[in-house]
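All residue numbers in the sequence shown are consecutive under numbering that gives the first Met the number 0, ending with 242.
All C-beta atoms in this analysis are idealised placements derived from N, C-alpha and C, irrespective of residue type, glycine included.
Only a predicted model underlies this, so the values are computations on that prediction, with no experimental measurement involved.
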Amino acid sequence: MAESAAAVLIGNELLSGKVHEANLVELARTLRALGIALRRVVMIPDEMDLIASEVAAYSRSHDVVFTSGGVGPTHDDLTLDAVARAFGVEARVDESMAEMLRAAYGERCTEHHLRMARVPEGAFLATTSAERWPTVVMGNVWVLPGVPQIFRSKLSVVREWVRGPVPFHSKAVLTRLDEGSLKPLLDRVVEAHPGVDVGSYPKWFDASYKTKITFDSRDAAAVEAALAAFVAELAEADVFAVE
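Next comes the structure, spelled out in structure tokens:
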């Protein structure tokens, strides 16, 4: 069971802006639904030592770690070897994965394709009935691909294998008041309900409402209490909607 998570996003293309990063929001939403708090995110280049050190550090400080990127067959795909280094083991070709690659590529399969079958010694290969290509899990580190479409498909494996302690509960109020007007009320609600994470998000250029206030906690009753305390001090005309 995992309560805290970290994400390591890997790729020169992300840091240079050549490729739009699209995986983090999908991961965050998935973990939130599982009741796992994503606590830390780092984006780093394709450098073996740096990947290994970041993975090792987050593996020690968080219950579960997810990497994204660097699992293909080319020179800059270093993640699997780096994860192996983080755990002090070697990365070797897994024969079952190699056979799947040979079946997929046929006569076109080369030693370079087989780089995608390399896994750290001692890794667990997670699969589901719908996702047969294994997802490499080394200790508490899940090694996920960087291609967004494939990354999203791998999240189905995460949902099946990973569990959080208690799901998060969330409510929101859309108000017609701006943040400055709401601050005194928000301060009172935050102080009176310390177990609830209260968020304030302004909405610009929208005539329907001006600010979205969110209430999040693992305690559903605490969320409802904070929500009720907030709404009770608003005029009916100031509330656009409660979600």
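{"Asked": "Residue range of the unbroken beta strand (DSSP E) whose run includes R39", "Found": "36 to 43"}
{"Asked": "Own chain residues within Cβ distance below 7 Å of D45, not counting five before or after", "Found": "I9, G10, N11, G69, D75, L77"}
{"Asked": "Cβ-Cβ distance between P119 and F86 below 8 Å", "Found": "yes"}
{"Asked": "Supposed close pair P166, G34 - CB separation, criterion 8 Å", "Found": "4 Å"}
{"Asked": "Meets three-Cβ-pair contact criterion under 8 Å: the stretch 122 to 132 and the stretch 142 to 160", "Found": "yes"}
{"Asked": "Min CB distance A219 to chain D below 8 Å", "Found": "The question asks about chain D, but that chain is absent: this structure has only one protein chain."}
{"Asked": "Residue environment, E94, which counts as buried when at least 16 other CB atoms sit within 10 Å", "Found": "exposed"}
{"Asked": "Nearest-angstrom Cβ-Cβ length linking T66 and V7, presumed shorter than 8 Å", "Found": "5 Å"}
{"Asked": "N- and C-terminal bounds of the beta strand (DSSP E) containing K211", "Found": "210 to 216"}
{"Asked": "Beta strand (DSSP E) runs contained entirely in the stretch 73 to 155, provided each spans 3 or more residues", "Found": "90 to 92, 117 to 119, 123 to 125, 134 to 137, 140 to 143"}
{"Asked": "Proximity of I212 and F229 at Cβ, strictly below 8 Å", "Found": "yes"}
{"Asked": "Own chain partners of L13 with C-beta closer than 7 Å, once the 5 adjacent residues on each side are dropped", "Found": "E20, M42"}
{"Asked": "Proximity to R59 [Cα-Cα], best of G16, E98, V135, V140", "Found": "V140"}
{"Asked": "Beta-carbon proximity list for A51, same chain, < 8 Å, skipping 5 on both sides", "Found": "A81, V82, R84, A85"}
{"Asked": "Rounded C-alpha distance that separates T73 from H111", "Found": "7 Å"}
{"Asked": "Cross-strand partners of H168 (DSSP beta bridge)", "Found": "S216"}
{"Asked": "Start-to-end residues for the alpha helix (DSSP H) that takes in L8", "Found": "Per DSSP, L8 belongs to no alpha helix (DSSP H); it is in the beta strand (DSSP E), 3 to 9."}
{"Asked": "Extent of the continuous alpha helix (DSSP H) to which S58 belongs", "Found": "47 to 60"}
{"Asked": "Residue from E89, R117, V88 whose Cα sits closest to the Cα of L100", "Found": "R117"}
{"Asked": "Of the residues T109, A90, V88, E89, the one placed nearest E98, counting alpha carbons only", "Found": "T109"}
{"Asked": "Neighbourhood of K153 by C-beta distance below 6 Å, restricted to the same chain and skipping five residues each side", "Found": "T134, L143"}
{"Asked": "Proximal residues to S169 (C-beta, below 8 Å), its chain only, five neighbours per side dropped", "Found": "T213, F214, D215, V222"}
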